[in-house]
Amino acid sequence: MNNLYYRNCLRLLDFSSLELKKIINLAQKLKQDKKNNIETQFLKKKNIALIFEKESTRTRCSFEIAAFDQGAHVTYLGPGSTHLGTKESIEDTAKVLSRLYDGIQYRGHDHNTIEILAKYSKVPVWNGLTEKFHPTQLLADLLTIKEIHPKKDFNNIKCAYVGDTNNNMGNSLLEAASLVGLDLRLVSPKECWPEKKLFTYCQKQAKQKNGNIVCTEDIIEGVKSVDFIYTDVWVSMGESETTWTKKIELLQSYQVNDSMLNATNNPQVKILHCLPALHDQKTDIGKSILKKYGFKNGIEITNNIFQKHQETIFEQAENRLHTIKAMVVSSLSKTINL
Ligand code: CP
Ligand code: NVA
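Each step along the sequence shown adds one to the number in our numbering, with nothing skipped, and position 258 is 258.
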């Protein structure tokens, strides 16, 4: 039997290194099959609940398209549309939903909520982002890395994650590096470094996989000869608007720009961004921050770098679909051969 059957994914460490690689391989196959119009449906007659307490473009659409492609049905439960935690306990909601559905996706403000959902759910629960972790994003990122460097093992990949490294993306990158042995540098001021306990654990595990994880404030040292520079917004969903002032003060020199790319000394360096990105003035937030703080050309990443590297970044976004599909299929199909 498929040993990922009926498994939750609350964080990447819910998987072993081998299991993670199997999901990525399955995603690669499903992507190819979809493009060749020969996709097999493993999820016929399955029903999936999608709970979103926060906004989403990629994650919601990827879960929905993954389900439709595979013959499953979804119910989208947007912000404020269920009794979850207001009139009905998380425990009771989990018990009800798992009688109706075959799987539950949750995106929300408090990681504790998904822990409780998973504890009382009888069906698999998948984390579509909490303030602590964003595991399905990392599935897509690893697939993207593999596609760009098909001949390299993950433990030969050097990646710098720059900006707010103490967020769901920083934590999930740490877990990914610990599982597949990346050379991961978290590049940010000390105030933005991740929680020590998780860092130390992941650093130790990464070493056993021939990887290496460091935190550094030094941009030149951090990005030296990397294959990838990864960044994310400096203020995450759910953080207050007032956080911007502090984050900009701390992070303005950590913007992904020409001089950072030059410092890699690698003309082939690729850029990753989980998106959405504040790279121009075409969004309300982008406009107001750029105006208020005097940024002229993007916030966490300049517009010219974003435009130049958009092919990789949008492939990474597309890979959300294929990897979410692989994760859901491996957890809901008893018979799939992984
Ligand atoms: N990267 C990501 O999770 O995007 P959404 O917020 O649009 O789902
Ligand atoms: N750190 C970001 C990731 C968005 C995909 C956030 O939580 O808003």
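Just so it is clear, CB atoms sit at the ideal spot from N, CA and C, and this is done for glycine as well. What you are looking at is a predicted structure, and each value in this text was computed from that prediction instead of being measured.
beta-carbon residue i near ligand 2 non-hydrogen atom, thresh 7 Å
i	result
Val233	yes
Leu129	yes
Met169	yes
Met237	yes
Gln105	no
His322	no
His134	yes
Close beta carbons around residue i, own chain, < 6 Å, minus the five adjacent residues each side
i	result
Ala160	Arg185, Val187, Gly222, Val223, Val226 and Ile229
Leu13	Glu175
Leu30	His322, Lys325 and Ala326
Gln310	none
Lys22	Leu338
Leu142	Ile24
Proximity test, residue i beta-carbon vs ligand 1 heavy atom, cut-off 7 Å
i	result
Ser56	yes
Gln281	no
Gln32	no
Leu275	yes
Arg11	no
Gln137	yes
Thr59	yes
Limits of the unbroken beta strand (DSSP E) element including residue i
i	result
Trp193	Counting along the chain, Trp193 falls outside any beta strand (DSSP E), and DSSP gives it neither H nor E.
Ala94	First-last for Ala94: Ile90 to Leu100, but that is the alpha helix (DSSP H), not the beta strand (DSSP E).
Gln307	Segment Asn303 to Lys308 is the alpha helix (DSSP H) holding Gln307; no beta strand (DSSP E) there.
Tyr76	His73 to Leu77
Asn212	Asn212 to Thr216
Lys119	Note, Lys119: premise wrong, no beta strand (DSSP E); alpha helix (DSSP H) at His111 to Tyr120.
Val162	Lys158 to Val162
For residue i, the first and last residue of its enclosing alpha helix (DSSP H)
i	result
Trp244	Thr243 to Leu251
Asp141	Pro135 to Ile148
Arg58	Arg58 to Asp69
Thr264	Asp258 to Thr264
Glu221	Ile219 to Val223
Nonlocal neighbours in the same chain, by C-beta distance under 8 Å from residue i, ignoring five residues either side
i	result
Phe133	Leu10, Arg11, Leu12, His111, Asn127, Asn168, Asn171, Ser172 and Glu175
Ile157	Ile145, His149, Leu182, Asp183, Asp227 and Phe228
Ser236	Glu131, Asp164, Asn167 and Asn168
Glu217	Val187, Ser188, Pro189 and Lys190
Ile48	Phe63, Ala67, Ala72, His73, Val74, Thr75, Tyr101, Asp102, Gly103, Ile104, Gln105 and Val328
Ile219	Val162, Val187, Ser253, Tyr254, Met260 and Ala263
Tyr201	Ser178
Thr40	Asp33
Three-state class that DSSP yields for residue i in the structure shown
i	result
Thr283	coil
Ala49	strand
Leu182	coil
Arg7	coil
Thr231	strand
Asn25	helix
Val187	strand
Ile104	strand
Ala317	helix
Cys274	coil
Asn171	helix
Val125	strand
Leu338	coil
Leu332	helix
Leu12	helix
Residues of its chain near residue i, where Cβ-Cβ distance is below 7 Å and the 5 sequence neighbours each way are ignored
i	result
Ile336	Asn2, Phe42, Val329 and Ser330
Glu239	none
Glu91	Ile116 and Tyr120
Lys122	Ser98
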